[in-house]
Amino acid sequence: MLGLALLAAVIIALAMLPVEPLLRSTRDWAGASGPWGLLIVAGLLVAGILLLLPSSPMMMLAGFLFGPALGLAVFWVAGLVASTAAFWIGRTMARPWIERRVRGKGIFMAIDRAIQRKGFLVVLLARLVMLLPYQVLNYTLGLTAVGFRDYLLGTNLGMIAPMFLFVYLGSSAADLAAILAGQVSLERGEMLTAAAAVAGVILIAALIIRSAGRVLREELQTASKRPPESPPRPVSGR
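Here our numbering is used: the sequence shown runs in plain steps of one and ends on residue 238.
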């Protein structure tokens, strides 16, 4: 639903508002800048994730600028760098500040207790379901007992499906806006194929997320019925 709402907003903006020339010139610049364009955009995405900007529009922007395959690669690398930095920031220098905001909250306590049993699986499922916003969860998981390897693997495997969904929608937005504005004419069969492709991507992602959500609920419920274990807590600076 979020993907469809964002896609509709982007299409309306491209078709009706004066942002279309700016976005298209930005896309032309990104395509003509080669590796430097990739590095600059990736750096801006890293900064945006660390500053807690909404991740879904940034994923769609990567798809809009570079297309589905390269856009996914750019955001995946940016997400890898940003999630690693945010995890260590949350575990070290920003730990007291983040602790004051999440300690005692039910969702954090449930995740923390489940992670003590199955760290990698819970991180993977929490990412797939987008239980908390992507960038917020980066910092929050730094407070839990999850190991860095489980965090890194769970994060970067779990975000592939949501990333691909939003990146693909972003890559489709410009073409759909051009069709609505009458700049591109398609045969009926081509339009049906394009619509089916968008619907198929959304359906597959929704099924994956729904299945992951069911498993995650079971894990959280199981963890809540057991007394919490007491693994050594991460110590600030170590």
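Glycine included, every Cβ here is placed at the ideal spot set by N, Cα and C.
query                                                                                                                                                                       : result
My assumption, with CB atoms under 8 Å, is that residue 151 sits in contact with residue 86. Please give the rounded CB distance.                                           : At roughly 10 Å, the Cβ-Cβ gap does not stay under 8 Å, so residue 151 and residue 86 are not in contact.
Taking its Cβ as the centre, do 16 or more other Cβ atoms sit within 10 Å of residue 28, making it buried, or is it exposed?                                                : exposed
Just the C-alpha distance for residue 144 and residue 115, rounded to the nearest angstrom, thanks.                                                                         : 8 Å
Measuring alpha carbon to alpha carbon, tell me which of 90, 120, 121 and 148 ends up nearest residue 142.                                                                  : 90
For a quick check, are the C-beta atoms of residue 65 and residue 41 less than 8 Å apart?                                                                                   : yes
Less than 8 Å between the C-beta atoms of residue 154 and residue 124, yes or no?                                                                                           : yes
For residue 9, count neighbouring C-beta atoms within 10 Å of its own C-beta (all shown protein chains included) and say buried if the count is 16 or more, exposed if not. : exposed
Is residue 155 helix, strand or coil by DSSP?                                                                                                                               : helix
In terms of alpha-carbon separation, which member of 61, 37, 119 and 52 lies closest to residue 171?                                                                        : 61
Is the Cβ-Cβ distance between residue 126 and residue 207 less than 8 Å?                                                                                                    : no
Kindly indicate which three-state DSSP category residue 84 falls into: helix, strand or coil?                                                                               : helix
What's the C-alpha gap between residue 51 and residue 95?                                                                                                                   : 16 Å
Where does residue 213 fall in DSSP's three states?                                                                                                                         : helix
Run the CB neighbour count on residue 162, radius 10 Å, all protein chains shown included, and call it buried at 16 or more, exposed below.                                 : buried
For the alpha helix (DSSP H) that contains residue 55, what are its first and last residues?                                                                                : 55 to 66
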